[in-house]
Amino acid sequence: MRILFSFIAVLALVLIAYAGVKTANLQFLFGVVVPYAAIALFICGFIYRVVKWGSSPVPFCIPTTRGQQKSLPWIAQNKLGNPSNTMEVIGRMFLEVFLFRSLFLNTKTEMTSSNRVVYGSEKFLWLASITFHYTFLIVLLRHTEFFVPTAPFFLDIIKSVDGFFEIGLPRLFLTGAVLLASTAYLFARRLYIPQVRYISLAADYFPLVLIIGIAITGMLMRYVYLTDLVSVKVLALGLLSFKPVIPEGIGPIFYVHLFLVSVLLAYFPLSKLMHMGGVFLSPTLNMANDSRMTRHINPWNYPVHVHTYEEYEDDFREKMIGAGIPVEKEGVVNGK
Amino acid sequence: MARPTNTNAFSDSAVVPGNGNNCGQSACHAPEAQKEGAAAGTALGRILRDKKKAILTKWLDAIMVSFPSGNSTHFRIKGDQFTNPTGSTISSGLEAIFEGLLSSPFKAKNEELLDGIVRIMAVQDLAPSQSLSFVFSLKRIIREELGAEQADRQLSQQLTDLESAIDGLTLSAFDIFMKCRERIYEIKANEARRANFRLLQMADRIDSVNGRRTAPKGNKLTIKEER
Amino acid sequence: MASKFSATPEELSKIDHNPPKKGWMDTPVEFKEHTFCWGAKGKNLAALELPNARDWSPADEDWKLPENWQKIFLDGMKERLGKYRSFRLFMDICVRCGACADKCHFFIGGGDPKNMPVLRAELLRSIYRRYFTVSGRMFGRAARARDLTIDVLKELWYYYYQCTECRRCSVFCPYGIDQAEITIIGRELFNLLGLNIEWIAGPVANCYRVGNHVGLEPHTITSSVEFFCDDIEDVTGIRINPTFNRKGAEILFVAPSGDLFADPGTYTAMGYLMLFHELGLDYTWSTYASEGGNFGFFTSNEMGKRLNAKIYAEAKRLGVKWILGGECGHMWRVLHQYMDTWNGPADFMEVPVSPITGTRFENAKSTKMVHIAEFTADLIKHGKLKLDPSRNNHLNVTWHDSCNPSRAMGLLDEPRYVLKSVCNNFYEMPENTIREKTFCCGSGTGLNASENIELRMRGGFPRANAVKHVRDAHGVNMMSCICAIDRATLKALMEYWVPDVEISGLHELVGNALIMKGEKERTLDLRLVPLPGKAAKE
Chain A
5 MRILFSFIAV LALVLIAYAG VKTANLQFLF GVVVPYAAIA LFICGFIYRV VKWGSSPVPF
65 CIPTTRGQQK SLPWIAQNKL GNPSNTMEVI GRMFLEVFLF RSLFLNTKTE MTSSNRVVYG
125 SEKFLWLASI TFHYTFLIVL LRHTEFFVPT APFFLDIIKS VDGFFEIGLP RLFLTGAVLL
185 ASTAYLFARR LYIPQVRYIS LAADYFPLVL IIGIAITGML MRYVYLTDLV SVKVLALGLL
245 SFKPVIPEGI GPIFYVHLFL VSVLLAYFPL SKLMHMGGVF LSPTLNMAND SRMTRHINPW
305 NYPVHVHTYE EYEDDFREKM IGAGIPVEKE GVVNGK
Chain B
12 MARPTNTNAF SDSAVVPGNG NNCGQSACHA PEAQKEGAAA GTALGRILRD KKKAILTKWL
72 DAIMVSFPSG NSTHFRIKGD QFTNPTGSTI SSGLEAIFEG LLSSPFKAKN EELLDGIVRI
132 MAVQDLAPSQ SLSFVFSLKR IIREELGAEQ ADRQLSQQLT DLESAIDGLT LSAFDIFMKC
192 RERIYEIKAN EARRANFRLL QMADRIDSVN GRRTAPKGNK LTIKEER
Chain C
174 MASKFSATPE ELSKIDHNPP KKGWMDTPVE FKEHTFCWGA KGKNLAALEL PNARDWSPAD
234 EDWKLPENWQ KIFLDGMKER LGKYRSFRLF MDICVRCGAC ADKCHFFIGG GDPKNMPVLR
294 AELLRSIYRR YFTVSGRMFG RAARARDLTI DVLKELWYYY YQCTECRRCS VFCPYGIDQA
354 EITIIGRELF NLLGLNIEWI AGPVANCYRV GNHVGLEPHT ITSSVEFFCD DIEDVTGIRI
414 NPTFNRKGAE ILFVAPSGDL FADPGTYTAM GYLMLFHELG LDYTWSTYAS EGGNFGFFTS
474 NEMGKRLNAK IYAEAKRLGV KWILGGECGH MWRVLHQYMD TWNGPADFME VPVSPITGTR
534 FENAKSTKMV HIAEFTADLI KHGKLKLDPS RNNHLNVTWH DSCNPSRAMG LLDEPRYVLK
594 SVCNNFYEMP ENTIREKTFC CGSGTGLNAS ENIELRMRGG FPRANAVKHV RDAHGVNMMS
654 CICAIDRATL KALMEYWVPD VEISGLHELV GNALIMKGEK ERTLDLRLVP LPGKAAKE
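Just so you know, the sequences run in chain order A, B and C. Going by the numbering used here, the first residue of the first sequence is number 5, and it counts up by one from there. Going by the numbering used here, the first residue of the second sequence is number 12, and it counts up by one from there. Going by the numbering used here, the first residue of the third sequence is number 174, and it counts up by one from there.
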């Protein structure tokens, strides 16, 4: 149901764009209005969400420590698992954000029948996640060629590495294929691992299907229904310079691709995809474990009702004196 | 420096379910299975060994039914002894019992084979009937798997022997189950006793009204917890 | 009970390999015997000025909630979303990757899918989506948002009292999402409705008035300690006379009250006493601040602060220079991450300096409180203790990392250094069951009651299973740890799963190995059990 819903939703989006361009000639709507609206929603939504998180304070210093603390000088601290200052926190966050360290550490030891221990099965989640994110990034960077008049320096490098195997014509970009494969794996594991299937929501399937849709339409354009890249660049530069034009000769498949990307952008701030911004704010990751060295301030700390020593002594003075425990008010009985 | 002295704790490990426990090593009066494995070296034994995988799969299915719907999912996933101890104890335990029935001579005692699984089943908030039905179901599964072959007269006799060995296992399983349940109540009682022991000890020696010690040193209560 | 015995053969032969066909939102909660704790008594809630004080039982249909309980709950949620970034963020950014799913000991041991940390959090997220997000308001169930009904509340309650806030899930989460944070907030919300459990509310009420969870009054504490001193005298021939509430002492010592109360924690307390005596430490116990642990922390942030306030207040009254803390797990979560923020600044004290070695504990320079494992490790490193580890030769020891010191502090190698100095036979449990990946005892956060014993046995099985491994491989017969709840509950856990393994605190083993000036030849250990090979020659 949840899965079917996601497929139907994405298919509907594809049909809307295709029909809109093919039959109703709504090129301007799908080529200009929707992308502008989507980008506006993305930027405003993203900022809104981050500001909203930022507006809730962090009352306590609660890092999750993953390794030895800094204590005595002769005990080796695990600086990247248990940072005690800002530099070490940056190191921890770097490993977390760029290398997905937690997922990498998510090893499962498996015991084979011959009692040999092998590590690794859980590396697949890490592998699929990291290839997914990085190929997505590279594909995104590759697209910059449409938005700048002359190609930036990194583009040639990316392209030559990406097309290294020189398969097919136009040359097959590895990243596109790997992106598709890793997304498909992430989707498949939601179906095949019973626990993950049980916890998955429509909101988990939908973005994956959407991204698969984007990747497929993109690859179709590159390898099957070849699209006039010059016209696309005209459109993109027009959008960027706020002088939108709709050049002739761009097939509907391009508009489908662009529409799916727009939907992804607009959906982004509403969804779990915001983990991209959230990971930087996570107090269990981004705080130094220095709460005994420096006092952490809680902005809403307020006085509370406590049971004072005086009240305590009044309750137990006789027994305390009997047991030889020093008291503040000798000779006072029952608080009188 | 402070390095773990023995990081390679797995090196000499063996996945042996439920070996060694004090759950009434001597107290199980269930009919001992034959000194030889019930189906050891027989025609039946060879047939069953061929069908081992199918039988164990069905048997695992049968034990998983005992758990509330959904709770067994994780236990069925292949994990290791430490990441999925429940699942691995159950599946390796079933295999060990099966092997025990087929081995020659019968290697281990019933209760050693059963302990790992039954000890888990005894704290899943299940009825004894639910917890232990899996042992009975082995008989049904074996007959299902044998199909037409069981009509063979020679096999039929061997099958009867095997089934009485399974009956023996069942009785042992009930013994262990009861011991485990009794142990749970003992543990509750022990916890309460540990919590009160020091207080009782003091009650004997101090006057709670004025807090002064009244009894001379050395006059200790003798109910010190047995070890 | 009767229903337990009514399964028919047909029911038993039905085979179901998969998670429930229905989604989790359509699987109603079933309160299972031996899995939940009793409801808090009205008198204890009243003593703590907590709302909706009345006697109630989770097993009852009627929970005697206030008329407007939904509003109270949702208002409380709104307030906390604005007060805790962790809460708001953790409600939003989970991608349900499943990395945490098989990391919870309750899930591993019992298999209930709602005990996967991600799903336990989703129980509350569904409420969050329904009332605090646009998509949830618009799409309702399709966006996995649901109304806060009484059944949903009961489900939340049932599973949020099946979380020991051990943070193991957080270690594996790529965003550090910590179910403990979510459980802490969840339990705060329940407390707005008077839905605490008695096993927490009782100790909190005790601690508030009497000074410690177990309700030891001042004269009982002193005589308890005198008893330990009697036993120490029997073992060593040395008489120790510790002081209580003494003004002008250099150091205030605060331990979990469990160590004064029940074996085997009491042996750990003897270890403290012997060590301090041997060092000639200028220290005092306090009967007012006689609890380091803090069950208030399992009630609400405010309650935690109210109980914790006594430690600094007493340090100030007595005029000590710094505070030394005993072996306790969640106590150190609170002292390390919360105390200074709640009740500081502790500027009336000095940066802790060990009077024996001169080591300045820079890592505690603001809070002014040092963990005894840090203190003792420093002593041993500087050669200030004479130790005879062979007195622990009859013990094959393994080390249980307690959850909070491991994952909310990182106290891992200090106790190991001490342990390896006081015993000769030490064996680690498997790599993914120790240090920051350690398994909980299954009874933390006030779940160490007796009515939920089966839950505890299931939750503790992953830990017990690893112990069983080292017992079989290395003959381990003693598991040592630095947590009072561990000492009480691992004992029970071992009695069930690995009956020949005993439990001890770290300083019990220190006390055994410590060679004291003027002591007689040791023939007994701190449990008054004859030492093998060193029996009295009589």
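Ideal placement from N, C-alpha and C gives every residue a C-beta, glycine not left out.
By the Cβ criterion, the segment 312-321 of chain C is not in contact with the segment 341-349 of chain C, since fewer than three pairs of Cβ atoms, one from each stretch, lie closer than 8 Å. According to the DSSP assignment, H261 (chain A) belongs to the alpha helix (DSSP H) that extends over 256-271. With respect to E487 (chain C), C210 (chain C) sits apart: the two C-beta atoms are not nearer than 8 Å.
In this structure, the beta-carbon distance from L560 (chain C) to L687 (chain C) falls below 8 Å.
In terms of Cα proximity to H450 (chain C), the closest of C:V674, C:M667, C:L697, C:E692 is C:E692. Considering only beta carbons, the part of the segment 179-199 of chain B lying closer than 7 Å to chain C consists of R194, I195, I198, K199, in chain order. The Cβ atoms of A657 (chain C) and G431 (chain C) sit closer than 8 Å to each other. C-alpha of A207 (chain A) to C-alpha of A272 (chain C): approximately 18 Å in a straight line. Think of a sphere of 8 Å around the beta carbon of A442 (chain C): no beta carbon from chain A falls inside it, the nearest being about 17 Å out. Around the beta-carbon of K244 (chain C), fewer than 16 other beta-carbon atoms lie within 10 Å, marking it exposed. In terms of beta-carbon proximity, N414 (chain C) stays away from the interface with chain B, with every pair separated by 8 Å or more. The beta-carbon separation of L223 (chain C) and N364 (chain C), rounded to 6 Å, stays under the 8 Å limit for a contact. Of all C-beta pairs linking the segment 287-305 of chain A to the segment 359-379 of chain C, fewer than three are shorter than 8 Å, placing the two stretches out of contact. Between S142 (chain B) and the set B:N82, B:I152, B:I128, the nearest pair of CA atoms involves B:I128. For the set C:N418, C:R412, C:G469, the Cα lying nearest the Cα of M443 (chain C) is the one of C:R412. For the set C:M311, C:G284, C:I266, C:T416, the Cα lying nearest the Cα of E295 (chain C) is the one of C:I266. A distance of 8 Å or more separates the beta carbons of H279 (chain A) and V291 (chain C). Assigned with DSSP and collapsed to three states, G498 (chain C) falls in strand. Annotation for F426 (chain C): the continuous beta strand (DSSP E) segment containing it runs 424-427.
Contacts between G282 (chain C) and chain B, judged by CB atoms closer than 9 Å, involve P96, T97, I131, V134 in chain order. Secondary structure note for S579 (chain C): it is in no beta strand (DSSP E), and the uninterrupted alpha helix (DSSP H) holding it is 576-580. Not flagged as an interface residue toward chain B: Y332 (chain C), since no C-beta distance is shorter than 8 Å. Listed along the chain, the chain C residues whose CB falls inside 9 Å of the CB of M297 (chain A) are E535, N536, A537, K538, S539, T540.
Rounded to the nearest whole angstrom, the C-alpha separation of T337 (chain C) and A353 (chain C) is 8 Å.
Residue state for F599 (chain C) is assigned as strand, using DSSP reduced to three classes.
Apart from the 5 residues on each side of it in sequence, R564 (chain C) sits with its Cβ closer than 8 Å to the Cβ of N685, A686, R695, D698, L704, K707 in its chain, given in chain order.
Contact between L180 (chain B) and V146 (chain B) holds: their C-beta atoms lie close to 5 Å from each other, under 8 Å. Of all residues in the segment 628-653 of chain C, only M630, R631, F634, P635, N638, A639, H642, V643, D645, A646 place a beta-carbon less than 7 Å from a beta-carbon of chain B. Chain C places a beta carbon closer than 8 Å to that of F104 (chain A), counting this residue as a contact. Just so you know, the alpha carbons of S579 (chain C) and H147 (chain A) end up roughly 46 Å apart. Around V101 (chain A), the same chain offers V283, F284 as residues with beta carbons nearer than 8 Å, after the five sequence neighbours per side are excluded.
For the segment 207-226 of chain C, residues whose beta-carbon sits nearer than 9 Å to a beta-carbon of chain B comprise H207, T208. Ranked by how close their Cα comes to the Cα of Y331 (chain C), the residues C:E203, C:N577, C:G466, C:F534 have C:E203 in first place. Ranked by Cα distance from V640 (chain C), the options C:E627, C:G313, C:C613 are led by C:C613. In the three-state reduction of the DSSP assignment, H309 (chain A) falls in the coil class, being assigned neither a helical nor a strand state. The C-beta separation of L497 (chain C) from K420 (chain C) comes to about 17 Å, leaving the pair out of contact by the 8 Å criterion.
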